[in-house]
Amino acid sequence: MKTRKLKDIEVSAVGMGCMAFSHGYGKIPPEQYSIEAIRNAYRHGCSFFDTAEVYSPNLSAIGHNELIVGKALEEVRDNVVIATKLMLHSVGFGRKVYDEVRRHLEGSLDRLRTDYVDIYYLHRMGGVPVEKVAEAMGRLIDDGLIRGWGLSQVDVDVIDAAQGVTPLTAIQNIYSMLERDCESRIIPYCIEHNIGFVPFSPIASGLLSGKITPQTQFERNDDVRNWVPQLSRRNIEGNMPIVEMLKDFADRKNATPAQISLSWMLHKYPNVVPIPGSKNKERIIENLNAADVELTDEEFKALDSELDKHKVYGHRGLGGF
Ligand SMILES: NC(=O)c1ccc[n+]([C@@H]2O[C@H](COP(=O)([O-])OP(=O)(O)OC[C@H]3O[C@@H](n4cnc5c(N)ncnc54)[C@H](OP(=O)(O)O)[C@@H]3O)[C@@H](O)[C@H]2O)c1
């Protein structure tokens, strides 16, 4: 598969979001299925895997997803890039930020069966100043425990403050054809400063696959689609013209709508590496194959300007991880 660079770290042009094997999209598959799905993606050329310490059923424990990723990739560890995230709400009285971040990291290393993490993200801004986190990440890089670091769901002022202390490897924010706020300032800032940009929910939680309709019933347990505002019945209806336009385009291109939604962002920016999420082996491969769906400049322009004509209904919302 084609590769791209997130700063100095080389990854497959499309990565794999592993969250749904543990949380967020309803019933989780048996562990062995998830492990096989990850290994199958690796054999297909995927070298970039995204997880987080909080990804567990109902977010009720720590590490369920990291354990799966660790088991799946242990034997090929040197050939893959593993990104994980820590949640840091505050640092206990008298404790140092470095010690606290390192404590979280050591738990992740253990579960991931590795002695380093390639990209270590702060999952959300909590009560700890970003400069302090950046300083701790710099020390962890010097320790050889992480190769690079990143921030998730942040704005330019936070990125800039962090970048001034320890240069960032990647920003992981929400970005898709239906969620384009990052285009105005964040992605241009990342390009200017040689920071990778890793879109999460790049298929708009499935809506851009064309498989969701206003009648779709989401699962009852641990399924974020029940509260994602963009997936309310009314907003799905409102966004159907975009989905229909995408389906037509995909048909003409002999590709799937999910693939076109990914190839559109790959064509648009050189530093973007999406991490679509799926708990289905076949759809994981479908999404990875988006790296081979080339858009000509004319096709891209037509698609991009068509998108500009449509109003987008609802946001995904900033809850959820
Ligand atoms: N940093 C953060 O705060 C944050 C937040 C959310 C997610 N993430 C990361 O980003 C990754 C991806 O985000 P996401 O999973 O929320 O959103 P997504 O990739 O936009 O969409 C996932 C949903 O789309 C469906 N889907 C995926 N590919 C499909 C295809 N080709 N055809 C039909 N349906 C398809 C999946 O269903 P099936 O499983 O049934 O295929 C699932 O319901 C996660 O795995 C996680 O690693 C990070």
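Heads up, the working numbering is the position in the sequence shown plus 74, with the first residue counted as 1.
Ideal placement from N, C-alpha and C gives every residue a C-beta, glycine not left out.
Nothing here was measured: the structure is a model prediction, and the numbers come from that model.
Query raised in the report: Is the Cβ-Cβ distance between residue 155 and residue 206 less than 8 Å?
Result: no
Query raised in the report: Is residue 195 near residue 224, with beta carbons less than 8 Å apart?
Result: yes
Query raised in the report: Along the chain, where does the beta strand (DSSP E) that runs through residue 191 open and close?
Result: 191–196
Requested in this report: Return yes when the C-beta of residue 200 is under 7 Å from any heavy atom of ligand 1, and no when it is not.
Outcome: no
Report task. Would you identify the three-state DSSP class for residue 116, choosing helix, strand or coil? Result -> helix
Query raised in the report: Does any heavy atom of ligand 1 sit closer than 7 Å to the C-beta of residue 276?
Result: yes
Report task. Please confirm if the region 291–309 is in contact with the region 319–337, defined as three or more CB-CB distances below 8 Å between the two stretches. Result -> no
Requested in this report: Please work out which residues of its chain come closer than 7 Å, Cβ to Cβ, to residue 85, disregarding the five sequence neighbours upstream and downstream, and give them in chain order.
Outcome: 77, 78, 121, 122, 155, 347
Requested in this report: Using only alpha-carbon positions, find the residue among 382, 137, 112 that is nearest to residue 251.
Outcome: 382
Requested in this report: Tell me where the alpha helix (DSSP H) around residue 150 begins and ends.
Outcome: Per DSSP, residue 150 belongs to no alpha helix (DSSP H) and is neither H nor E.
**Report entry** Spatial distance of residue 334 from residue 290 (CA atoms)
**Finding:** 22 Å
Requested in this report: Look up residue 180 in the DSSP assignment and say whether it is helix, strand or coil.
Outcome: helix
Query raised in the report: Between residue 211 and the rest of its own chain, which residues show a CB-CB distance below 6 Å, the 5 nearest in sequence each way excluded?
Result: 223, 240
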